[in-house]
Structure formats: structure tokens, C-alpha cells
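In terms of our numbering, the sequence shown opens at residue 2 and continues consecutively.
One structure is given below, encoded as C-alpha cells.
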Amino acid sequence: MKRIISVLFAGLLIVGTIGSCQKTEVGTMDKSDKQAPGPVSNAEVENLNGAAKITYSLPKDHDLLYVRAEYTTKDGIVRTTKVSRYLDSVVLEGFADTDVYEARLYAVDKSENVSEPLVVKVQPKTPPFDLVKEKLVASEAFGGIDVTYRNDIGSDVAIVILTNDKLGNFVPVKTLSTKAKTGRFGARELPSVETRFGLMVRDRWGNLSDTTYVTLTPIFEARLDRTKMKGLNINGTDAKNYPGNEVEYLFDGDVSNTTAYHTTDPVKMPQWFTFDIGKTVKLSRLVWFMRQGWYYNLHNPRKVEIWGSNDPSPDGSFTNWILLAEHEQIKPSGLPVGQNSNADNEAALEGETINIPIEAPAVRYIRFKTLQNWTNGVYVNFTELTLWGNPNP
2 MKRIISVLFA GLLIVGTIGS CQKTEVGTMD KSDKQAPGPV SNAEVENLNG AAKITYSLPK
62 DHDLLYVRAE YTTKDGIVRT TKVSRYLDSV VLEGFADTDV YEARLYAVDK SENVSEPLVV
122 KVQPKTPPFD LVKEKLVASE AFGGIDVTYR NDIGSDVAIV ILTNDKLGNF VPVKTLSTKA
182 KTGRFGAREL PSVETRFGLM VRDRWGNLSD TTYVTLTPIF EARLDRTKMK GLNINGTDAK
242 NYPGNEVEYL FDGDVSNTTA YHTTDPVKMP QWFTFDIGKT VKLSRLVWFM RQGWYYNLHN
302 PRKVEIWGSN DPSPDGSFTN WILLAEHEQI KPSGLPVGQN SNADNEAALE GETINIPIEA
362 PAVRYIRFKT LQNWTNGVYV NFTELTLWGN PNP
């Protein structure tokens with residue numbers, strides 16, 4: 002028995018030694034190696050929007066580790082990109098204009114010896130932040146300004162709205178960080194007076210577009226009195242909810258997870274709940290707040306319809322209801338469910354806004370209809386709902 006154990010131990014020791022030797026060989030830097038690798042050659046340039054793709058031939062050195070590419074901005078900042086020795090191209094990004102730049106490519110070996118540079122001239126196309134800025138469209142909105150945008154390349158940009166603060170300083174009042182290709186956002190809670198606004202776009206390297214100026218007059222709106230709102234389950238047609246998770250908890254002013262609305266079995270999609278605003282109102286927007294810790298996930302609504310009525314049918318059907326708005330919540334980062342960026346979290350804290358068209362009639366009753374939640378399940382759960390509009394239409 003002892004002999005068998007000894008043989009097994011010796012075998013494991015040999016395997017472990019071999020594995021250790023292999024690992025050491027791969028990761029070892031030969032400090033005595035002072036020989037630089039050959040240079041990168043045969044460069045071909047493809048100029049892109051705010052970037053340049055450089056394809057090249059690698060040197061034949063057996064110990065080549067990676068290729069380093071760099072360029073210097075107008076501000077003297079050196080921007081560097083490294084790519085594996087298994088690739089034959091590199092993309093340099095973050096160019097702020099369409100001028101000609103010198104890109105430098107170096108081959109680097111396992112001992113960090115650096116080759117002579119291959120200098121290549123690049124001339125990027127119009128940077129994405131300028132393309133986005135050129136297609137911004139501003140319009141007056143209830144309580145502020147709306148901005149629609151197109152980001153055809155899907156670049157990571159920040160769109161900024163500026164206006165004068167109470168001290169007269171022209172400052173940012175709203176910033177949207179997004180990679181979405183289309184969308185709309187706005188600044189709210191501004192007085193209904195003629196106002197000068199600025200629009201600009203920033204990329205993730207800090208490059209800024211020029212500022213476009215517009216003068217608009219926000220349309221009057223006010224936050225509606227949430228204490229006058231109450232659930233109105235007509236003829237039992239609304240989705241059922243857990244005890245302690247009634248519709249009224251959407252109007253208690255608490256956006257935390259302490260109180261919330263949550264449906265229960267039996268439920269299916271689509272589903273809805275109905276509530277009384279308390280008086281007939283010309284609505285401007287509706288804002289809902291997702292369940293904290295589950296932003297853009299689980300039972301939070303994703304695709305919804307907002308219906309309004311002044312004379313709901315007593316049978317609970319959609320007779321005498323008018324569709325006020327259709328809306329799909331778009332995640333700013335575009336990341337998969339369960340992965341949120343800082344921009345996602347910031348947008349969630351501000352709430353999801355549904356703008357009601359200005360031509361929509363004044364209504365007293367609202368039906369919030371969910372078509373799909375964030376995980377294609379059958380439950381609906383969120384924490385708060387606020388409404389804005391003209392309470393004296």
C-alpha cells in the first residue's frame with residue numbers, strides 16, 4: 002500500500018513539475034535580450050469617423066509580443082493603443098477633427114525591446130460627436146426643451162443642454178450619455194418664458210463640438226397633486242396585486258424599495274392598472290421610477306401604452322378610452338440585461354419619462370398598460386409614478 006502511494010505521489014510530482022516548467026517558460030522575460038525586434042511594415046490606412054484603421058505586416062521575430070500604435074493630439078496628449086501579435090491591424094480613436102496626423106507603430110518583444118517606429122499619416126473623417134451635433138433638433142416642450150438626436154454610428158457620446166442659471170451663468174442643465182442610434186430627451190422644470198439654450202456633444206475622450214444656440218419658450222406645466230390620485234379597478238379587469246403592493250403605493254412619494262406596486266398570479270401580458278387623477282388635466286408627461294437594485298431588469302416595465310378617458314366604460318373594457326402614448330424604455334448604454342453603466346444608473350434615478358403629445362385631450366382617468374417587462378415575464382413591479390401637466394386646461 003505504501004509503495005502504491007509513493008508511486009502515485011511521484012507521478013503527481015512529475016506532472017506538477019512539468020506544468021510548472023511550462024508556465025515558467027511562457028511567462029519568463031529574458032533580461033539579457035537587448036535585441037529590438039524588426040519594425041512593422043507595409044502599412045495601409047483606412048480613415049474612419051474620428052478614427053483610423055491601420056493594417057500592416059509583422060516582423061518575423063519569434064519573441065514578438067505586441068504592436069503599439071500612438072499619435073499626439075493638438076493638446077500634446079499621446080494616445081496609445083496596443084494589440085496582440087496575432088493581429089495585423091490596429092484602430093486609433095479619439096481624433097477631434099479631420100486634420101492630418103502622424104501615427105507611430107512599434108513592434109515590442111517579450112523583453113519589452115521596442116523597434117524603430119513606422120510613421121504613417123492618417124486623416125480621420127468627421128468625428129462622431131460632430132456628426133451627432135449636426136443632427137440635433139430642438140423643440141419647445143412642456144416645462145422646458147426637447148432634443149431629438151441621431152447617432153448613426155452608435156458612438157459613446159454625451160449630449161448636453163445648456164441655459165442660464167439663477168445667477169445668469171450659461172451652464173449645463175441636462176446631459177444624456179448614450180450609445181443609442183436614435184432617441185429624445187429634454188430639460189424640464191423651467192419657467193414658461195423665452196429662453197436661450199445651447200446644445201453641444203462630447204465624446205469619451207473629452208472632445209467637444211461647437212455649441213448650437215436656439216431660443217424657445219417652454220410650455221407651462223406643473224407637477225400634479227399625487228395625494229388626489231387613487232386606484233380604480235373597474236369591474237375587476239385590472240391586474241391583481243400582492244397585498245401591500247396596491248396602485249396607491251405608486252403615489253406615496255417614495256421612490257425607494259420600501260413601498261411599490263407589484264402584480265401577482267394569475268397574470269399575463271399585456272396587463273394594466275387604472276387610476277383616477279382627481280380632476281380633468283391636460284397632461285404633459287408621465288414619469289415612472291424602476292425598482293432599485295433591478296434597473297432595466299426583472300419586472301420593471303419596458304414597453305407600455307398610456308390610455309386616457311373621461312368616461313370609462315363600467316364593464317372595464319377599453320371602450321371610451323383613447324391611446325395617449327406608446328413608449329419603449331431604452332437603456333442608454335445598450336448593455337445586456339444585468340449589466341448597467343453609470344449612465345444607466347443615473348438615468349434610472351431620474352425616472353423614465355413618457356411625453357404626452359400636445360394635441361392629446363385633457364383627461365381625468367389613466368390606464369397604464371404594460372406590453373412587456375425587461376425579462377419577458379408576466380409580472381409588473383415598480384415603485385413610483387408622477388404626472389405633470391396643466392391642472393387648469
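Backbone N, C-alpha and C fix where the C-beta goes; we use that ideal spot for every residue, glycine too.
Which residue comes first and which comes last in the beta strand (DSSP E) that contains residue i?
{"i": "V133", "result": "V133 -> not in any beta strand (DSSP E); alpha helix (DSSP H) instead, spanning 129-135."}
{"i": "E141", "result": "138-142"}
{"i": "E117", "result": "Segment: none, E117 is in no beta strand (DSSP E) and carries neither H nor E."}
{"i": "K370", "result": "364-374"}
{"i": "Y67", "result": "65-73"}
{"i": "I323", "result": "323-329"}
{"i": "Y380", "result": "That residue, Y380, is in no beta strand (DSSP E); it is neither H nor E in DSSP."}
{"i": "R105", "result": "102-110"}
{"i": "E47", "result": "42-49"}
{"i": "W295", "result": "First-last for W295: undefined, no H or E at that position."}
{"i": "P125", "result": "Run containing P125: none; DSSP gives neither H nor E here."}
{"i": "K54", "result": "52-58"}
{"i": "P267", "result": "Per DSSP, P267 belongs to no beta strand (DSSP E) and is neither H nor E."}
Suppose the cutoff is 7 Å on Cβ atoms and the five residues either side in sequence are ignored; what does the same chain contact list for residue i look like?
{"i": "P392", "result": "A223, L225, K280, V282"}
{"i": "R286", "result": "F143, T354, I355, N356, I357, W389"}
{"i": "N48", "result": "V123, Q124, P125, K126"}
{"i": "R303", "result": "E329, Q330, Q373, N374, W375"}
{"i": "V268", "result": "A240, K241, V379, Y380"}
{"i": "K231", "result": "E249, F276, D277"}
{"i": "V338", "result": "Y297, N298, W375, T376"}
{"i": "G321", "result": "Checking the sequence shown, residue 321 turns out to be Asn, not Gly. Same-chain partners within the cutoff: S310, D312, P313, S314."}
{"i": "G184", "result": "Y150, I331"}
{"i": "L209", "result": "M201, R203"}
Could you check how far apart the C-beta atoms of residue i and residue j are, in whole angstroms? I think they sit under 8 Å.
{"i": "F130", "j": "V215", "result": "Not confirmed; about 19 Å, so no contact."}
{"i": "L233", "j": "Y366", "result": "7 Å"}
{"i": "D62", "j": "D110", "result": "6 Å"}
{"i": "F369", "j": "V305", "result": "7 Å"}
{"i": "S257", "j": "Q293", "result": "6 Å"}
{"i": "E385", "j": "W295", "result": "The pair is not a contact, with the Cβ atoms about 14 Å apart (cut-off 8 Å)."}
{"i": "K75", "j": "A97", "result": "7 Å"}
Within the continuous alpha helix (DSSP H) that includes residue i, where are the two ends?
{"i": "N346", "result": "343-351"}
Near residue i, which residues of its chain fall below 8 Å by C-beta distance, leaving aside the five closest residues on each side in sequence?
{"i": "G155", "result": "K180, A181, K182, G335"}
{"i": "I220", "result": "E141, A142, F143, G144, S193, S285, I359"}
{"i": "T218", "result": "E141, S193, V194, E195, T196"}
Using the Cβ count rule (16 or more neighbours within 10 Å means buried), how would you classify residue i?
{"i": "H300", "result": "buried"}
{"i": "S116", "result": "buried"}
{"i": "Q272", "result": "buried"}
{"i": "L79", "result": "Contrary to the premise, residue 79 reads as Val rather than Leu in this sequence. The residue in question, V79, is exposed, as its Cβ has fewer than 16 Cβ neighbours within 10 Å."}
{"i": "Y72", "result": "buried"}
{"i": "E195", "result": "exposed"}
{"i": "D147", "result": "buried"}
{"i": "G309", "result": "buried"}
{"i": "K229", "result": "exposed"}
{"i": "V158", "result": "buried"}
{"i": "T265", "result": "exposed"}
{"i": "G254", "result": "exposed"}
{"i": "I307", "result": "buried"}
{"i": "F383", "result": "buried"}
{"i": "K175", "result": "buried"}
{"i": "I323", "result": "exposed"}
{"i": "D211", "result": "exposed"}
{"i": "L350", "result": "exposed"}
{"i": "P333", "result": "buried"}
{"i": "N415", "result": "Since the first and last residues shown for the chain are 2 and 394, residue 415 lies out of range."}
{"i": "S42", "result": "exposed"}
{"i": "E103", "result": "exposed"}
{"i": "E135", "result": "exposed"}
{"i": "T371", "result": "buried"}
{"i": "R189", "result": "buried"}
{"i": "E45", "result": "exposed"}
Leaving out the 5 sequence neighbours to the left and right, which residues in its chain are closer than 6 Å to residue i when beta-carbon positions are compared?
{"i": "R197", "result": "T216"}
{"i": "G317", "result": "I235, N236, T238"}
{"i": "L132", "result": "none"}
{"i": "P394", "result": "K283, A363"}
{"i": "D64", "result": "D110, K111"}
{"i": "T387", "result": "V288"}
{"i": "N165", "result": "F171"}
{"i": "L325", "result": "I307, G309, I357, A361"}
{"i": "A344", "result": "S178, P333, S334"}
{"i": "V138", "result": "T149"}
Contact criterion: CB-CB distance below 8 Å. Does residue i meet it with respect to chain B?
{"i": "M230", "result": "Annotation note: the requested chain B is absent from the structure, which comprises a single protein chain."}
Looking at C-beta atoms only, is the number of pairs between the region 251-267 and the region 317-329 that lie closer than 8 Å three or more? no
Decide yes or no for the touch test of the region 231-246 against the region 156-175: beta carbon pairs closer than 8 Å, at least 3 of them. no
If contact is defined by three or more beta carbon pairs under 8 Å, each pair taking one atom from either stretch, is the region 49-63 in contact with the region 102-122? yes
Quick one: any contact between the region 61-70 and the region 82-92, if contact means 3 or more CB pairs under 8 Å? yes
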